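Chains as they are written, first to last, in the numbering used here: chain D, 103 to 335; chain V, 103 to 335; chain F, 103 to 335; chain X, 103 to 335.
Heads up, the beta-carbon is just placed ideally off N, CA and C, and yes, glycines get one too.
Source: prediction; values computed, not measured.
As structure tokens, the structure follows; a few thoughts come after it.
4 protein chains.
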Amino acid sequence: MKKFLYKIVIESDSRRGRFFDLFIQILIILSLVAFSIETLPNLDSRYQSILNNFEIFSVIIFSIEYLLRVFLTKSFLKYMFSFFGIIDFLAILPFYLSTGIDLRSIRIFRLFRLFRIFKLFKYNKALDRINSAFNEIKNELVIFLVATTFLIYFASIGIYYFENPVQPELFKSVFHSMWWAVTTLTTVSYGDMYPITNGGKIFTTLIIFIGIGMISIPTGLLASAFSKTIKNK
Amino acid sequence: MKKFLYKIVIESDSRRGRFFDLFIQILIILSLVAFSIETLPNLDSRYQSILNNFEIFSVIIFSIEYLLRVFLTKSFLKYMFSFFGIIDFLAILPFYLSTGIDLRSIRIFRLFRLFRIFKLFKYNKALDRINSAFNEIKNELVIFLVATTFLIYFASIGIYYFENPVQPELFKSVFHSMWWAVTTLTTVSYGDMYPITNGGKIFTTLIIFIGIGMISIPTGLLASAFSKTIKNK
Amino acid sequence: MKKFLYKIVIESDSRRGRFFDLFIQILIILSLVAFSIETLPNLDSRYQSILNNFEIFSVIIFSIEYLLRVFLTKSFLKYMFSFFGIIDFLAILPFYLSTGIDLRSIRIFRLFRLFRIFKLFKYNKALDRINSAFNEIKNELVIFLVATTFLIYFASIGIYYFENPVQPELFKSVFHSMWWAVTTLTTVSYGDMYPITNGGKIFTTLIIFIGIGMISIPTGLLASAFSKTIKNK
Amino acid sequence: MKKFLYKIVIESDSRRGRFFDLFIQILIILSLVAFSIETLPNLDSRYQSILNNFEIFSVIIFSIEYLLRVFLTKSFLKYMFSFFGIIDFLAILPFYLSTGIDLRSIRIFRLFRLFRIFKLFKYNKALDRINSAFNEIKNELVIFLVATTFLIYFASIGIYYFENPVQPELFKSVFHSMWWAVTTLTTVSYGDMYPITNGGKIFTTLIIFIGIGMISIPTGLLASAFSKTIKNK
Chain D
103 MKKFLYKIVI ESDSRRGRFF DLFIQILIIL SLVAFSIETL PNLDSRYQSI LNNFEIFSVI
163 IFSIEYLLRV FLTKSFLKYM FSFFGIIDFL AILPFYLSTG IDLRSIRIFR LFRLFRIFKL
223 FKYNKALDRI NSAFNEIKNE LVIFLVATTF LIYFASIGIY YFENPVQPEL FKSVFHSMWW
283 AVTTLTTVSY GDMYPITNGG KIFTTLIIFI GIGMISIPTG LLASAFSKTI KNK
Chain V
103 MKKFLYKIVI ESDSRRGRFF DLFIQILIIL SLVAFSIETL PNLDSRYQSI LNNFEIFSVI
163 IFSIEYLLRV FLTKSFLKYM FSFFGIIDFL AILPFYLSTG IDLRSIRIFR LFRLFRIFKL
223 FKYNKALDRI NSAFNEIKNE LVIFLVATTF LIYFASIGIY YFENPVQPEL FKSVFHSMWW
283 AVTTLTTVSY GDMYPITNGG KIFTTLIIFI GIGMISIPTG LLASAFSKTI KNK
Chain F
103 MKKFLYKIVI ESDSRRGRFF DLFIQILIIL SLVAFSIETL PNLDSRYQSI LNNFEIFSVI
163 IFSIEYLLRV FLTKSFLKYM FSFFGIIDFL AILPFYLSTG IDLRSIRIFR LFRLFRIFKL
223 FKYNKALDRI NSAFNEIKNE LVIFLVATTF LIYFASIGIY YFENPVQPEL FKSVFHSMWW
283 AVTTLTTVSY GDMYPITNGG KIFTTLIIFI GIGMISIPTG LLASAFSKTI KNK
Chain X
103 MKKFLYKIVI ESDSRRGRFF DLFIQILIIL SLVAFSIETL PNLDSRYQSI LNNFEIFSVI
163 IFSIEYLLRV FLTKSFLKYM FSFFGIIDFL AILPFYLSTG IDLRSIRIFR LFRLFRIFKL
223 FKYNKALDRI NSAFNEIKNE LVIFLVATTF LIYFASIGIY YFENPVQPEL FKSVFHSMWW
283 AVTTLTTVSY GDMYPITNGG KIFTTLIIFI GIGMISIPTG LLASAFSKTI KNK
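Structure (structure tokens):
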């Protein structure tokens, strides 16, 4: 009996195992969709009760799955404190916690349920190639992040001195300028903050050109890492 | 006679075949331009009748070409249900359907005529290299798309919790926040929605940096795949 | 005498030749700066006369240089109809044409003088590597441009149908929508036009994701072409 | 005694040396954070005095460190005029200069303190790989910068002629148009300036497409340079 369930719940080589995995994955996606629909304003109370019932149904299924995983895995403690074990637990936790306490504030914990979608990749071999490519360039990426942080800080201080005197409401402090620096260097730039002084514009031009060079680094690194990975294939 | 037409319509090795192909391709482009001009507001009725006449002329040519292709191809069923066969049919269908029924609503089907432009590439060998490069990294691209979808969903929920309380009109629901997530992570960002809370700005910064890393992945993958393809050349 | 001038004007191996080249290049840059200053509104008439005098001075030098080049080059016709020969001529033409005729409308020809800056690269060997990398992927780049044109057209028609009914002033016709398509797919997006309907937003999301894949293509191609070029170095 | 201090201050192989380096690095980061907090408007005077005291404390530590470095390095002149020697000096200079003179205007010199963060990378070997990759493509990057400057200038003049007649307040001169050219070609585009004429839009489309090709160049170059660097690893 235990061996039979193990093949279905834990393994996914058999037909029944694959079916079980697919069922759980579809249920996760549906519960995510249901969760999103709940945030719609002026939602009909009829739909709300359907969504609540579906939430109860999916949590029951996820709880049974979690208990089965704990029961079936040889070393249940190892599973419970593994990455997926904790995520499986956090995916059902908010539901049980919400009884008695204020629902609104706790709902944010449901975000963690999202991580469950990573399960979809579990057996994908291409993911290993991406992982090994990222591992190859780990150190360089850390340098890139530190250098980017430095550039953002430098840009924030510079723009603060140029723009604060003329736009004190927008460039209030170095911290407020950081939002400008992040959105500009990543070329997101919503248009909510931009330099209007000549000095600020010249400074921004210099910063953007350094920024373009920097943004090229991770792409260049990944390209070369993938080249090595694909050659090994 | 059939062999003579086959060389002109289906093949494009002979001088006449190339001329026929070029004629059809120019006609397609002209009919696309005509279609675009028709959408101009306050169009002179004189121009409208010229465009209508040109539409009739091009559909007649396309219909003759379609019938010739059906008649000349050995296995005409195979052609009719092939990718280009269906597109050739859809390119002339709206015209014949529009008689009697409301023109306005059906005109959207004309979009499919556009696919005909792919014919321009039919014999291009460089296209094969691009195709083989994309095939090389197919699995990785699927993972990228799934991961991006996940990130967009995660970003949508996060920004909803940060911004909904202060901007309930813009960040109405998780679905409304998705539009923000898509435009921000792709750095399109029109400036119609952006975070104004400190929490939302810090969250956006984190999400953008993960997003930059992600957007680098397809470029890096393609670069490495092209490296392999060009080496084989 | 002719040989002496040839070494200075045409060649740049000798010390005098390098000095002459540098002098001309600095004069070009200064004349470009002067040209830009002239466009400033409310410019002091004193500065204007200085700029005019400098313009006369630089055109005289450029004219002497042009005549020397024509006189010194063995086959002067070959030079006059070469790429740089035509540019050298166009750089001085507007000045001589402007006498008698309305200055304002002809000044646009001065744009061509800009091309002269390419001379700065004349002997640079790294430029050859960039050229050979572009040559390597020429065909693929043409496909990319055709495919991008297709995508822009497709996006323009799609967004026209979604947004024209609710934003007829912005999405007036397929041509007006093309501006939106170009700025969106290149992630420039000024924020002057954006979809507000749900259908338009979903359509834009799809188009952006295809667009990201496309924008990756030239970068990926160049990366692989440079890899080959650098290996040959 | 000198040998003992040398091991702590200059070298970082010993446990004490590593501790000293870490302490200085954390102090630098904290002093940067303190500096940013000082720019916050309406800051409580109580916090301001804490920040001032922390500033005095950190400058004392940095001064002692600087003097120790000068005293301990064999050739102290070589250190004082090295890159890090000058930065170490500039990091403490503003504090001593500020006594007696107006604080506000001199504070901008504190920006240089930021460069100290580069020390964090001092021993990182991955940084060498990034450096060697950049060295590999140095010449090509210079060409890219010159070509980009040319394109920005060309775009500025073009858009000035198209947009100045209808938007004289925004596209005032070629210099004002340069800000548009920089933000558009880097796809930053805040939305503060954009073409509204048909000619300006068509010109922008052409310029953007050339710009995309250009922005691909540094990424492509870096990718190929990293490929070589990683292969050597």
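>> Within a Cβ cutoff of 7 Å, which residues of the same chain sit near Ile194 (chain D), ignoring the five residues on either side of it in sequence?
In response: As a working note, residue 194 (chain D) is residue 92 in the first sequence. If we look at Ile194 (chain D) and ignore the five residues flanking it on each side, its Cβ neighbours are Val161, Phe164, Ser165 and Tyr168.
> Can you name the start and end residues of the alpha helix (DSSP H) that Leu145 (chain D) belongs to?
Replying inline: As a position in the first sequence, residue 145 (chain D) is number 43, starting the count at 1. According to the DSSP assignment, Leu145 (chain D) belongs to no alpha helix (DSSP H), since it is labelled neither H nor E.
>> Suppose you measure from the CA of Arg209 (chain V) to the CA of Ser138 (chain V); what does that come to, to the nearest Å?
In response: Walking along the second sequence from the start, residue 209 (chain V) turns up at place 107. Walking along the second sequence from the start, residue 138 (chain V) turns up at place 36. Unreliable positioning characterises Arg209 (chain V) in this predicted model, as indicated by a pLDDT of 48, which lies under 50. A coordinate reading is not provided.
> For Val284 (chain X), which option in X:Ile304, X:Ser258 and X:Glu271 has the closest C-alpha, if you only look at C-alpha atoms?
Replying inline: For the purposes of this step, residue 284 (chain X) is taken as the residue at position 182 of the fourth sequence. Of the candidates X:Ile304, X:Ser258 and X:Glu271, the one whose C-alpha sits nearest the C-alpha of Val284 (chain X) is X:Ser258.
> What is the rounded straight-line gap between the Cα of Arg118 (chain V) and the Cα of Phe252 (chain F)?
Replying inline: Here the question's residue 118 (chain V) lines up with position 16 in the second sequence. Here the question's residue 252 (chain F) lines up with position 150 in the third sequence. When the Cα atoms are used, Arg118 (chain V) and Phe252 (chain F) turn out to be separated by approximately 27 Å.
> Under the three-state reduction of DSSP, which class applies to Gln269 (chain F): helix, strand or coil?
Replying inline: Working through the third sequence from its first residue, we reach residue 269 (chain F) at position 167. In this structure, Gln269 (chain F) counts as coil in the three-state DSSP scheme.
> Hey, would you say Ala327 (chain F) sits closer than 8 Å to Ile239 (chain F), going by beta carbons?
Replying inline: The sequence position of residue 327 (chain F) within the third sequence is 225, counting from 1. The sequence position of residue 239 (chain F) within the third sequence is 137, counting from 1. A contact, by the Cβ cut-off of 8 Å.
> In the segment 272 to 305 of chain X, which residues sit with their C-beta less than 7 Å from some C-beta in chain D, listed in chain order?
Replying inline: Going along the segment 272 to 305 of chain X in chain order, one finds Trp281, Val284, Thr288, Thr289, Val290, Ser291, Tyr292, Gly293 and Asp294 with a Cβ nearer than 7 Å to chain D.
>> Considering only their Cβ atoms, is the gap separating Val290 (chain F) from Thr286 (chain X) smaller than 8 Å?
In response: Along the fourth sequence, one-based indexing puts residue 286 (chain X) at 184. Along the third sequence, one-based indexing puts residue 290 (chain F) at 188. Between Thr286 (chain X) and Val290 (chain F), the gap from beta carbon to beta carbon is short of 8 Å.
> Which residues in the same chain have their Cβ closer than 6 Å to the Cβ of Phe305 (chain X), if we skip the five residues on either side of it in sequence?
Replying inline: Here residue 305 (chain X) refers to the residue found at position 203 of the fourth sequence. Here the set comprises Gly260 and Phe264.
>> Using 8 Å as the threshold, is the C-beta distance between Ala325 (chain D) and Ala325 (chain X) below it?
In response: Working through the first sequence from its first residue, we reach residue 325 (chain D) at position 223. Working through the fourth sequence from its first residue, we reach residue 325 (chain X) at position 223. Closer than 8 Å, so yes.
>> Looking at chain X, is there any beta carbon in it that lies within less than 8 Å of the beta carbon of Ile112 (chain F)?
In response: As a first step, residue 112 (chain F) is located in the third sequence; it is residue number 10 there, counting from the start. No, because no Cβ of chain X sits closer than 8 Å to the Cβ of Ile112 (chain F).
> Could you check where the alpha helix (DSSP H) with Tyr292 (chain D) kicks off and where it finishes?
Replying inline: Reading the first sequence from its first residue, position 190 is the one you call residue 292 (chain D). According to the DSSP assignment, Tyr292 (chain D) belongs to no alpha helix (DSSP H), since it is labelled neither H nor E.
> Is it right to say Asp115 (chain D) is buried, meaning 16 or more other beta carbons lie within 10 angstroms of its own, or is it exposed?
Replying inline: As a first step, residue 115 (chain D) is located in the first sequence; it is residue number 13 there, counting from the start. Label assigned to Asp115 (chain D): exposed.
> Hey, Ile254 (chain F) and Met280 (chain F) are a contact pair by Cβ (cut 8 Å); roughly how many whole angstroms apart?
Replying inline: One-based indexing of the third sequence puts residue 254 (chain F) at position 152. One-based indexing of the third sequence puts residue 280 (chain F) at position 178. 6 Å between Cβ atoms; contact.
> Are the Cβ atoms of Ser275 (chain D) and Leu142 (chain X) separated by less than 8 Å?
Replying inline: Here residue 275 (chain D) is taken as the residue at index 173 of the first sequence, counted from 1. Here residue 142 (chain X) is taken as the residue at index 40 of the fourth sequence, counted from 1. Yes, Cβ-Cβ distance for Ser275 (chain D) and Leu142 (chain X) is below 8 Å.
> Distance, Cα to Cα, Asp123 (chain X) vs Ser329 (chain X)?
Replying inline: Sequence index remark: in the fourth sequence, residue 123 (chain X) carries index 21 (1-based). Sequence index remark: in the fourth sequence, residue 329 (chain X) carries index 227 (1-based). In this model, Asp123 (chain X) and Ser329 (chain X) are separated by some 33 Å (Cα to Cα).
>> For Gly302 (chain X) and Asp190 (chain V), what's the separation of their Cα atoms in angstroms?
In response: Position 200 of the fourth sequence, counting from 1, holds the residue named residue 302 (chain X). Position 88 of the second sequence, counting from 1, holds the residue named residue 190 (chain V). Looking at the two C-alpha atoms, the distance is approximately 37 Å.
>> Tell me which residues of the segment 109 to 134 of chain D have at least one Cβ-Cβ distance to chain X shorter than 8 Å, keeping chain order.
In response: Cβ contacts with chain X come from no residue of the segment 109 to 134 of chain D.
> Which residues in the same chain as Ile309 (chain X) place their Cβ atom closer than 6 Å to its Cβ, once the five residues preceding and following it in sequence are excluded?
Replying inline: Here residue 309 (chain X) refers to the residue found at position 207 of the fourth sequence. Ala257.
> What is the rounded straight-line gap between the Cα of Leu174 (chain D) and the Cα of Ala136 (chain D)?
Replying inline: For the purposes of this step, residue 174 (chain D) is taken as residue 72 along the first sequence, with counting starting at 1. For the purposes of this step, residue 136 (chain D) is taken as residue 34 along the first sequence, with counting starting at 1. Approximately 30 Å, taken between the alpha carbons.
> To the nearest angstrom, how far is it from the Cα of Ile203 (chain F) to the Cα of Phe197 (chain F)?
Replying inline: Here residue 203 (chain F) is taken as the residue at index 101 of the third sequence, counted from 1. Here residue 197 (chain F) is taken as the residue at index 95 of the third sequence, counted from 1. Confidence in Ile203 (chain F) is poor, its pLDDT being 48 and thus under 50, which makes the residue's placement too unreliable to answer from.
>> Given a cut-off of 8 Å on the beta-carbon distance, is the pair Lys231 (chain F) and Thr331 (chain F) in contact?
In response: By one-based count along the third sequence, residue 231 (chain F) stands at place 129. By one-based count along the third sequence, residue 331 (chain F) stands at place 229. The sequence given here has Arg at residue 231 (chain F), not Lys. The beta carbons of Arg231 (chain F) and Thr331 (chain F) sit closer together than 8 Å.
> Given a limit of 7 Å on CB to CB distance, which residues of the segment 142 to 165 of chain D reach chain X?
Replying inline: Residues: none.
> Ordered along the chain, which non-local residues of its own chain (more than five positions away) have a Cβ less than 6 Å from that of Tyr262 (chain X)?
Replying inline: The sequence position of residue 262 (chain X) within the fourth sequence is 160, counting from 1. Same-chain partners within the cutoff: Phe273, Val276 and Ser279.
> Taking all protein chains shown into account, do 16 or more other C-beta atoms lie within 10 angstroms of the C-beta of Glu242 (chain D), making it buried, or fewer, making it exposed?
Replying inline: Against the first sequence, residue 242 (chain D) aligns to sequence position 140. Glu242 (chain D) is buried by the Cβ-count criterion.
>> Out of F:Ser184, F:Ile188, F:Pro297 and F:Ile152, which one is the CA nearest neighbour of Glu271 (chain F)?
In response: The count along the third sequence starts at 1 and reaches residue 271 (chain F) at position 169. Ranking F:Ser184, F:Ile188, F:Pro297 and F:Ile152 by Cα distance to Glu271 (chain F) puts F:Pro297 first.
>> Just to confirm the assignment, what range does the alpha helix (DSSP H) spanning Glu238 (chain F) have?
In response: Here the question's residue 238 (chain F) lines up with position 136 in the third sequence. For Glu238 (chain F), the enclosing alpha helix (DSSP H) starts and ends at Lys227 to Glu238.
> For Phe156 (chain V), which residues from the same chain have a beta carbon less than 8 Å from its beta carbon, with the 5 sequence-adjacent residues on both sides left out?
Replying inline: Counting from 1 along the second sequence, the entry for residue 156 (chain V) is found at position 54. Around Phe156 (chain V): Leu132, Ser133 and Ala136.
>> Give me the subset of the segment 309 to 324 of chain F whose CB atoms are less than 7 Å from a CB atom of chain X, sorted by chain position.
In response: With the criterion set as a beta carbon lying under 7 Å from some beta carbon of chain X, the members of the segment 309 to 324 of chain F are Ile317, Pro320, Thr321 and Leu324, in sequence order.
>> Please return the same chain residues whose Cβ sits closer than 8 Å to the Cβ of Leu323 (chain X), not counting the five positions on each side in sequence.
In response: Locating residue 323 (chain X) in the fourth sequence gives position 221, counting from the first residue. For Leu323 (chain X), where only same-chain residues beyond five positions count, the Cβ hits under 8 Å are Ile239, Glu242, Leu243 and Phe246.
> Counting contacts by CB-CB distance shorter than 8 Å, is Asn233 (chain V) in contact with chain D?
Replying inline: Residue mapping note: residue 233 (chain V) aligns to position 131 of the second sequence, counting from 1. Taking 8 Å as the CB threshold, Asn233 (chain V) stays off the interface with chain D.
> Hey, Leu129 (chain V) and Glu140 (chain V) are a contact pair by Cβ (cut 8 Å); roughly how many whole angstroms apart?
Replying inline: Taking the first residue of the second sequence as 1, we reach residue 129 (chain V) at position 27. Taking the first residue of the second sequence as 1, we reach residue 140 (chain V) at position 38. About 16 Å separates the CB atoms of Leu129 (chain V) and Glu140 (chain V); that is not less than 8 Å, and the two are not in contact.
>> In the DSSP assignment, the alpha helix (DSSP H) including Lys109 (chain X) goes from what residue to what residue?
In response: By 1-based counting over the fourth sequence, the position of residue 109 (chain X) is 7. Segment Lys104 to Val111, the alpha helix (DSSP H) holding Lys109 (chain X).
> Quick one: does Ser329 (chain X) have its CB under 8 Å from some CB of chain D?
Replying inline: On the fourth sequence, residue 329 (chain X) is found 227 positions in, with the first residue counted as 1. True, the Cβ-Cβ gap to chain D drops below 8 Å.
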